[in-house]
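Chains as they are written, first to last, in this note's numbering: chain B, 30 to 196; chain E, 30 to 196.
There are 2 protein chains.
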Amino acid sequence: MNDFWKFTPTCGKERSLTTLFILYSLHQEPKSGYDLLKEIAEKTEGKWVPSKGTLYPLLKDLEEEHLIRIVETGKRSKNIFGLTPFGEKTLQQIREHRKESREKMLVFKNLFIEIFGQDRSTLYRLLFEIRIVIDDLSPDNNDRAARILEKCIDDLRRIESDVCDTR
Amino acid sequence: MNDFWKFTPTCGKERSLTTLFILYSLHQEPKSGYDLLKEIAEKTEGKWVPSKGTLYPLLKDLEEEHLIRIVETGKRSKNIFGLTPFGEKTLQQIREHRKESREKMLVFKNLFIEIFGQDRSTLYRLLFEIRIVIDDLSPDNNDRAARILEKCIDDLRRIESDVCDTR
DNA sequence: AATGAACAGTTCGGTACCGAACTATAATTC
DNA sequence: GAATTATAGTTCGGTACCGAACTGTTCATT
Numbered sequence: 030m031n032d033f034w035k036f037t038p039t040c041g042k043e044r045s046l047t048t049l050f051i052l053y054s055l056h057q058e059p060k061s062g063y064d065l066l067k068e069i070a071e072k073t074e075g076k077w078v079p080s081k082g083t084l085y086p087l088l089k090d091l092e093e094e095h096l097i098r099i100v101e102t103g104k105r106s107k108n109i110f111g112l113t114p115f116g117e118k119t120l121q122q123i124r125e126h127r128k129e130s131r132e133k134m135l136v137f138k139n140l141f142i143e144i145f146g147q148d149r150s151t152l153y154r155l156l157f158e159i160r161i162v163i164d165d166l167s168p169d170n171n172d173r174a175a176r177i178l179e180k181c182i183d184d185l186r187r188i189e190s191d192v193c194d195t196r
Numbered sequence: 030m031n032d033f034w035k036f037t038p039t040c041g042k043e044r045s046l047t048t049l050f051i052l053y054s055l056h057q058e059p060k061s062g063y064d065l066l067k068e069i070a071e072k073t074e075g076k077w078v079p080s081k082g083t084l085y086p087l088l089k090d091l092e093e094e095h096l097i098r099i100v101e102t103g104k105r106s107k108n109i110f111g112l113t114p115f116g117e118k119t120l121q122q123i124r125e126h127r128k129e130s131r132e133k134m135l136v137f138k139n140l141f142i143e144i145f146g147q148d149r150s151t152l153y154r155l156l157f158e159i160r161i162v163i164d165d166l167s168p169d170n171n172d173r174a175a176r177i178l179e180k181c182i183d184d185l186r187r188i189e190s191d192v193c194d195t196r
């Protein structure tokens, strides 16, 4: 289901999640292929690390498509990549489609939880509802929402401590 | 990143999410390939529907591997598939690895939200914290947790209605 | 009876990726 | 200085999937 995790800018071809991560990461700061691998390994706790056989050819392709460019070379045939203006634009357009992407994630999670989630189905469903309500809030209400969520966390944590106290 | 969404039973080869869905769905009740496609389309609101070119050959493969079997044939060369005992066992073993699978989903979501999520970072982080607290609760406390979450939803919904009232 | 839609399935060129095996070089350790 | 480790990159057979184009059959509508 690689094609499921595809993201489309307003104009241009759809991009894989690996490409998206590359664009996003180089948007933060230019770096080498090796650095990208290390970064993704850290961020995902080693659970997802694109293989070198994937990454290096993909960097080459993205360079040929003028999304990224080599901004510096170093020893050991090291290449430091940075985004081009076209790459910046593509990344921005993909991120603008945040709603569609989040919907994808939502149906994916729903399915995932239906298959794996058992004991917690009810609670997770309520979490989803919270998520939906949050998404509909206008940004002005972030602070109020944050306080409500923080109180919720406190109350939930208190459940276990109440149980401990009654033992 | 098909290989990222791979699930491993205790013994036996790792399985794709499509395979997992098939096993899960046939575990519910036997059905045809066409029914599987319809079901996944419904559950994902059309966002993920394995292609026929994927599903039918995969059903054949799973049959050859004795995970599923044809329990009935009908008109139009219709085949109704059901799980075999081996398929039931495989499904059960994969679902037993729920923790690893959920960890995968968590790092995937974190990455996803880092790339796409902006306005709501704080709120989503709080949602993650709620999730972590929920995961640590013992099942006995599901009801209390559910009530807390329900109240949280009410409070969040009231934010918008408060705003509407003040206009 | 003819037509269109729904149901049901097959083939295969192509994509995105994996991972093993490979090459190369600089830095660190002994 | 030699050995080891880390950094850096390449190639390509293979997997899981897509989707277009195809075949076929039953049911519903006109």
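Where is the CB? At the ideal position from N, CA and C, for every residue including glycine. Note that the structure is a prediction, hence the values are computed from the model and not measured.
- Residue 152 (chain B) is positioned such that its CB atom lies closer than 8 Å to that of residue 178 (chain E).
- For residue 111 (chain E), there is no enclosing alpha helix (DSSP H); the enclosing beta strand (DSSP E) covers residues 108-112.
- Around the CB of residue 114 (chain E), fewer than 16 other CB atoms lie within 10 Å, so the residue is classed as exposed.
- Put simply, of E:49, E:39, E:69, E:37 the residue whose alpha carbon is nearest the alpha carbon of residue 136 (chain B) is E:69.
- Our two residues, residue 125 (chain B) and residue 49 (chain E), have alpha carbons roughly 32 Å apart in a direct line.
- Taking a 10 Å sphere around the C-beta of residue 161 (chain E), we find fewer than 16 other C-beta atoms and assign the residue as exposed.
- For the set B:45, B:176, B:39, the Cα lying nearest the Cα of residue 91 (chain B) is the one of B:45.
- With respect to the 8 Å criterion, residue 174 (chain E) and residue 185 (chain B) are classified as neighbours on the basis of their beta carbons.
- Contacts between residue 190 (chain E) and chain B, judged by CB atoms closer than 9 Å, are missing: the closest CB pair is about 11 Å apart.
- The beta carbon of residue 163 (chain E) is closer than 7 Å to those of 174 in its chain, skipping five residues each way along the sequence.
- As the crow flies, the alpha-carbon of residue 82 (chain B) is around 15 Å from that of residue 61 (chain B).
- Any Cβ of chain E closer than 8 Å to the Cβ of residue 64 (chain B) would place that residue at the interface, and such an atom is absent.
- Under the 10 Å beta carbon count, residue 107 (chain E) is surrounded by fewer than 16 other beta carbons and is classified as exposed.
- For residue 168 (chain B), the number of other beta carbons within 10 angstroms of its own is below 16, and it is reported as exposed.
- Rounded to the nearest whole angstrom, the C-alpha separation of residue 34 (chain B) and residue 191 (chain B) is 43 Å.
- Residue 39 (chain E): not part of any beta strand (DSSP E); DSSP gives it neither H nor E.
- Runs of alpha helix (DSSP H) with 4 or more residues, each lying fully within the region 102-171 of chain B, are found at 114-125, 127-145, 150-165, listed in chain order.
- Between residue 59 (chain B) and residue 87 (chain B), the alpha-carbon positions lie close to 16 Å from each other.
- Chain-order list of chain B residues neighbouring residue 100 (chain E): empty, with the shortest C-beta distance near 22 Å, by a criterion of under 7 Å.
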